[in-house]
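Taken in sequence, the protein lines are chains X and F.
Mapping to this note's numbering: the first sequence position 162 is 154, numbers consecutive.
Mapping to this note's numbering: the second sequence position 94 is 865, numbers consecutive.
To keep things clear, I will list the structure first and then write my remarks on it.
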Amino acid sequence: MELRRSLEILMRRWWLIVGLPLLVLVGSLLHTASEPYTATVRASILIPGDTEATGNATNPELMVLDDAPVLVGSHAFAADVFANLPASAKPLGLDVQRVQQALSGSRYSRILTINVKSADQQVALAIAQAAAAALPTSIDQYMIAAHGQPATVRIIDPPESAGRGGAHRLLIVVVEVLVALAAGIGLAAFAAALDERLYTLAETETVLGLPVLADVRGRRFGRRRWRLPGGSA
Amino acid sequence: MNALIEEPRVDSDRVARVSPAFLSGESEPAAHCRSLATVLAARWGMDAAVAGLDEQRHARSCLLAGVDTGTAAVGLRLAIAFAQAGRATTLIDVTETGRGCDRFVEVPPALTSSDVSNDGAFSPIYATNVPNLGLVPAGSSEASGGDLQLADRVARLLQRTPTVEQGVAIVVAPALSVAPSALALARLVGGVLLAVTPGRTTRPDAVRARDALYAAGGRIWGVILAADERGSGAGATSER
Chain X
-7 MELRRSLEIL MRRWWLIVGL PLLVLVGSLL HTASEPYTAT VRASILIPGD
43 TEATGNATNP ELMVLDDAPV LVGSHAFAAD VFANLPASAK PLGLDVQRVQ
93 QALSGSRYSR ILTINVKSAD QQVALAIAQA AAAALPTSID QYMIAAHGQP
143 ATVRIIDPPE SAGRGGAHRL LIVVVEVLVA LAAGIGLAAF AAALDERLYT
193 LAETETVLGL PVLADVRGRR FGRRRWRLPG GSA
Chain F
772 MNALIEEPRV DSDRVARVSP AFLSGESEPA AHCRSLATVL AARWGMDAAV
822 AGLDEQRHAR SCLLAGVDTG TAAVGLRLAI AFAQAGRATT LIDVTETGRG
872 CDRFVEVPPA LTSSDVSNDG AFSPIYATNV PNLGLVPAGS SEASGGDLQL
922 ADRVARLLQR TPTVEQGVAI VVAPALSVAP SALALARLVG GVLLAVTPGR
972 TTRPDAVRAR DALYAAGGRI WGVILAADER GSGAGATSER
């Protein structure tokens, strides 16, 4: 009974409970729709002489790998990627500068992740594929000393598609909507706590200690109920 | 016209016409008011069976007082319900200049403010196009100079309402929040119905109005849930 009463009180502000999640859902979907397409390439990179002594200044292989994301964002790498673009990508109207703007990288241990972002799905995928092709050569060219032993670069996640919002976007949207729903319920409860108005017949009778003899508002205001002076309905 | 009228007078030459919307018994509010009239009749019957009812009270009368809204529409419907049930019914409108019902009653030109007493004299009872229903535009307490004059005037009006068998009087008061002087009427009538507008009336206001009515000697029979009459022109705003 208490639960039902609580629900009735909350539903007086149903628009808040429904509206807030709806607003968040629409905002989230719009945000997703305006996001660029992203294609990802992951590669493991082994620099010759890696001793597993992370941070050892005399064996700075992993520290050298810190330069890999910088390399990915460079004009030199963009030029290599542009050179590796397939012939089918020519009509897309790309140039080195656009390729450079689309590329970004990050490193975790020996894994280099290259993200390619573009408003055009085909462009994102084409650049990512070209980046995967250009990466081994570029690493050797720009991160290994001249005449040194080449690095071992293996593409572990080749680009297969370009999508929006990342893999967990749906989950994020669902969580956002659920949080908004909880916030809407909280706001409705808070507003109800501050609201001193009378709403229901039972509430009126309780507050005033008087019987409600009639509800003369009409159908749209809810059920009517009669009570004879003696108390019987 | 404002002269003291010793006997009830029905001016049949000038009939106030109630809006057809109120005459239709099909509407839900009309049906509700018919049921409410049955409840009140039962209450009056119970009171009549109990000896010792305050003689100052008009036995078969009822004050409709809204916490923060007018009660003209409800009062008119209730009065029509009694009249259509064959009871001689007097609707006493004590809202501002006694015209709270104007939105619902087409008043002939002759029924102007000059007909409304504001000097302690009695307003006449005007016939309406509803058989058995008389209308008394009795003016506001402020216009007549204060609580005692209003109470005195209404008391004398109640004495002069038809005394035939089963004759009843419905007094429509302005919202108590804007015209607390209407409280003085509570002790004159058989009972009071406190009108509350769900979704608008606040708990503190309702409790304050209830306590004020008790303090004024009113016998509150119960509460009615009424629509906000402000928009209809018969509510608190127009009765101010």
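Where is the CB? At the ideal position from N, CA and C, for every residue including glycine.
Only a predicted model underlies this, so the values are computations on that prediction, with no experimental measurement involved.
When rounded, the separation of the alpha-carbon atoms in residue 833 of chain F and residue 938 of chain F is 12 Å.
Rounded to whole angstroms, residue 801 of chain F and residue 809 of chain F show a C-alpha spacing of 12 Å. Around residue 128 of chain X, the same chain offers 145 as residues with beta carbons nearer than 7 Å, after the five sequence neighbours per side are excluded. Contact with chain F is absent for residue 5 of chain X, since none of that chain's Cβ atoms lies less than 9 Å from the residue's Cβ.
Fewer than three pairs of CB atoms, one per stretch, sit closer than 8 Å, so the segment 90 to 97 of chain X makes no contact with the segment -1 to 7 of chain X.
Within 8 Å of the CB of residue 192 of chain X, the CB atoms of chain F belong to 969, in sequence order along the chain.
Within the same chain, and ignoring the five residues on either side of residue 954 of chain F in sequence, the residues whose Cβ sits closer than 7 Å to its Cβ are 947, 983, 984 and 987. In the structure shown, the three-state DSSP call for residue 877 of chain F is strand. Nearest Cα to residue 73 of chain X within the set X:122, X:170 and X:57: X:122.
Taking 9 Å as the CB threshold, residue 203 of chain X lines the interface with chain F. In the three-state reduction of the DSSP assignment, residue 961 of chain F falls in the strand class, which pools E and B.
Contact between residue 865 of chain F and residue 944 of chain F holds: CB atoms are separated by about 6 Å, below the 8 Å threshold.
If only complete runs of 3 or more residues are kept, the segment 84 to 147 of chain X shows the beta strand (DSSP E) at 95 to 100 and 103 to 110, in order along the chain.
The three-state secondary structure of residue 831 of chain F, taken from DSSP, is strand. Excluding the 5 residues flanking it on each side, residue 143 of chain X has same chain C-beta neighbours closer than 8 Å at 37, 38, 39, 40, 128, 131, 132, 135 and 136, in chain order. Residue 973 of chain F reaches chain X at 187, 188, 189 and 190, counting residues in chain order whose Cβ is nearer than 9 Å.
The beta carbon of residue 196 of chain X falls within 9 Å of a beta carbon belonging to chain F, placing the residue at that interface. Around the CB of residue -6 of chain X, fewer than 16 other CB atoms lie within 10 Å, so the residue is classed as exposed.
Using a Cβ distance threshold of 9 Å, residue 60 of chain X and residue 19 of chain X do not count as a contacting pair. The residue from F:981, F:900, F:925 and F:992 with its alpha-carbon nearest to that of residue 812 of chain F is F:992.
The C-beta of residue 154 of chain X comes no closer than 9 Å to any C-beta of chain F. Taking a C-beta distance under 9 Å as the contact criterion, residue 786 of chain F and residue 861 of chain F do not qualify as a contact pair. CA-CA distance, residue 925 of chain F to residue 909 of chain F, rounds to 8 Å. Under the DSSP definition of a beta bridge, residue 908 of chain F partners with F:864. Among the residues facing chain F, residue 115 of chain X is not included, as its CB has no counterpart in that chain under 9 Å away.
The residue from F:921, F:795 and F:979 with its alpha-carbon nearest to that of residue 847 of chain F is F:795.
Counting along the chain, residue 985 of chain F sits inside the alpha helix (DSSP H) bounded by residues 974 to 986.
Residue pairing by DSSP places residue 996 of chain F opposite X:207 and F:967 in a beta bridge.
Spatial neighbours of residue 990 of chain F in its own chain (CB-CB distance under 6 Å, excluding positions within 5 residues in sequence) are listed in chain order as 962. Restricting attention to X:62, X:113 and X:139, the CA atom closest to the CA of residue 105 of chain X is found in X:62. Taking the Cα positions, residue 175 of chain X is about 14 Å away from residue 184 of chain X.
In the DSSP secondary-structure assignment, residue 32 of chain X is bridged to X:107.
For residue 943 of chain F, the pairing in a beta bridge is given by DSSP as F:835 and F:864.
Assigned with DSSP and collapsed to three states, residue 787 of chain F falls in strand. Here residue 189 of chain X carries a strand assignment [DSSP, helix/strand/coil]. Residue 55 of chain X and residue 101 of chain X have their C-alpha atoms spaced approximately 9 Å apart.
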